[in-house]
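Encoded as structure tokens, the structure appears first; notes follow it.
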Ligand code: R5P
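Residue numbers (our numbering): 4 to 314.
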């Protein structure tokens, strides 16, 4: 394994960065990240990175723009300090939902974010459960897109009742739902979702048989919980057993989400720690650490090995 490497954390998820570093037998590198009085971001690396391989751990979780600028500033600092190679470990890639234009005179902000990551000299990106796999195509640099599905399925195997139906809450989640169903030996159903606003969605159709069946609703992320709330109502209307489990990789859990998901039919909500700040006092919520998977990926990258045997 290359000896000369260092892991720095932005402020988005220092616990995850520390857990990744611990898995690799080290501590995160020292750096100072502060805000100037006017809101600008100040970054300083407090140790040398000259000719070293650098990993910058920073999910683009809320406040997304601040975390993005921190990551850019860290990368710029590394490049100017002669790092040999900069890998951004971005377990949750913010703005990824903005991957197309819905109307005239709109940006494709997901692509814009990728462009600036590349512009500051990032050589490689490690990410997890991208909102849509084709977002990889926005990058010119190598991207290792990991998945939390095997990790979450290891837990779900023990918790789910037999005969579970894995439900995609919208067409975009169908591929992920199929992966879950394959691993859990379940069947698949899909809801057709119409987004009415940033927070409101409505389910118009259900494809699949959920009558009297326990369901597992899966998604890449839980942001406001609106998608899941309308999915829960649609499944219960269609006669699903009031024994629902929810699994998602990225738990943004914005204010109000918990209230939406505290439906008596929801028995368990399972997320990973890609995003920091999950409430500790929510009995139905379980947070699974994804640090071993990311650390395993970094170890293989350092050893110039394939990630094919990661899971
Ligand atoms: C959308 O296509 C995503 O996969 C999620 O379903 C959605 O972004 C979740 O957001 P919210 O929790 O606000 O409905």
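For every residue, glycine included, the Cβ atom is placed at its ideal position computed from N, Cα and C.
Quick caveat: nothing in here was measured; it's all calculated off a predicted structure.
Item: Residue 227: CB within 7 Å of a non-hydrogen atom of ligand 1; Value: yes
Item: Outcome for residue 314 when other beta-carbon atoms lying within 10 angstroms are tallied against a minimum of 16; Value: exposed
Item: The segment 272-288 touching the segment 248-256, judged by at least three CB pairs closer than 8 Å; Value: yes
Item: The segment 73-93 in contact with the segment 124-133 per 3-pair CB rule at 8 Å; Value: yes
Item: Contact set for residue 211: own chain, Cβ-Cβ below 8 Å, skip 5 residues either direction; Value: 168, 170, 190, 191, 192 and 193
Item: Nearest-angstrom Cβ-Cβ length linking residue 266 and residue 297, presumed shorter than 8 Å; Value: Wrong, their Cβ atoms sit about 32 Å apart, outside the cutoff.
Item: Check: residue 65 C-beta below 7 Å from any heavy atom of ligand 1; Value: no
Item: Closest by C-alpha distance to residue 53, when choosing among 7, 129, 137 and 60; Value: 7
Item: Local Cβ density within 10 Å of residue 216, reported as buried at 16 or more and exposed below that; Value: buried
Item: Exposed unless 16 or more other CB atoms sit within 10 angstroms - verdict on residue 138; Value: buried
Item: Residue 260 vs residue 227 beta-carbon contact at 8 Å; Value: yes
Item: Proximity below 8 Å, CB of residue 176 to CB of residue 222; Value: yes
Item: Buried/exposed call for residue 283, threshold 16 Cβ in 10 Å; Value: exposed
Item: Cα-Cα separation between residue 2 and residue 118, rounded to whole angstroms; Value: One cannot answer for residue 2 here, as it falls past the ends of the chain, which runs 4 to 314.
Item: Cβ-based neighbour list, residue 291, same chain, cut-off 8 Å, excluding 5 preceding and 5 following; Value: 151, 154, 155, 158, 273, 274, 275 and 276
Item: Residue 144 to residue 197 span [Cα, whole Å]; Value: 34 Å
Item: Alpha carbon of residue 264 to alpha carbon of residue 294, nearest angstrom; Value: 26 Å
Item: 8 Å contact criterion, which residue 278 and residue 98 should meet: CB distance rounded; Value: About 14 Å; that fails the 8 Å criterion.
Item: Rounded separation between residue 303 and residue 41 - CA only; Value: 41 Å
Item: Member of 245, 270, 238 and 224 whose CA lies at the smallest distance from the CA of residue 256; Value: 224
Item: Candidates 229, 10 and 166: closest to residue 218 by CA position; Value: 166
Item: contact_flag[the segment 63-76, the segment 21-32] where n(CB pairs < 8 Å) is 3 or more; Value: no
Item: Residue 134 to residue 55 span [Cα, whole Å]; Value: 31 Å
Item: Where the beta strand (DSSP E) through residue 183 begins and ends; Value: First-last for residue 183: 177-187, but that is the alpha helix (DSSP H), not the beta strand (DSSP E).
Item: Where residue 7 falls: helix, strand or coil (DSSP); Value: coil
Item: Given residue 129 as reference, the closest of 214, 120, 113 and 148 once Cα atoms are compared; Value: 148
Item: Residue 111 (DSSP reduced to helix, strand or coil); Value: coil
Item: Pairwise C-alpha distance: residue 161 and residue 310; Value: 27 Å
Item: Exposed unless 16 or more other CB atoms sit within 10 angstroms - verdict on residue 214; Value: exposed
Item: Same chain, Cβ closer than 6 Å to residue 4, five either side skipped, listed in chain order; Value: Any reading at residue 4 must be qualified, since the residue scores a pLDDT of 48, below 50, and its modelled position is unreliable; no value is offered.
Item: heavy atom of ligand 1 below 7 Å from residue 204 C-beta; Value: yes
Item: Under the three-state DSSP convention, the category residue 83 falls into; Value: helix
Item: C-alpha distance - residue 33 paired with residue 207, whole-angstrom precision; Value: 51 Å
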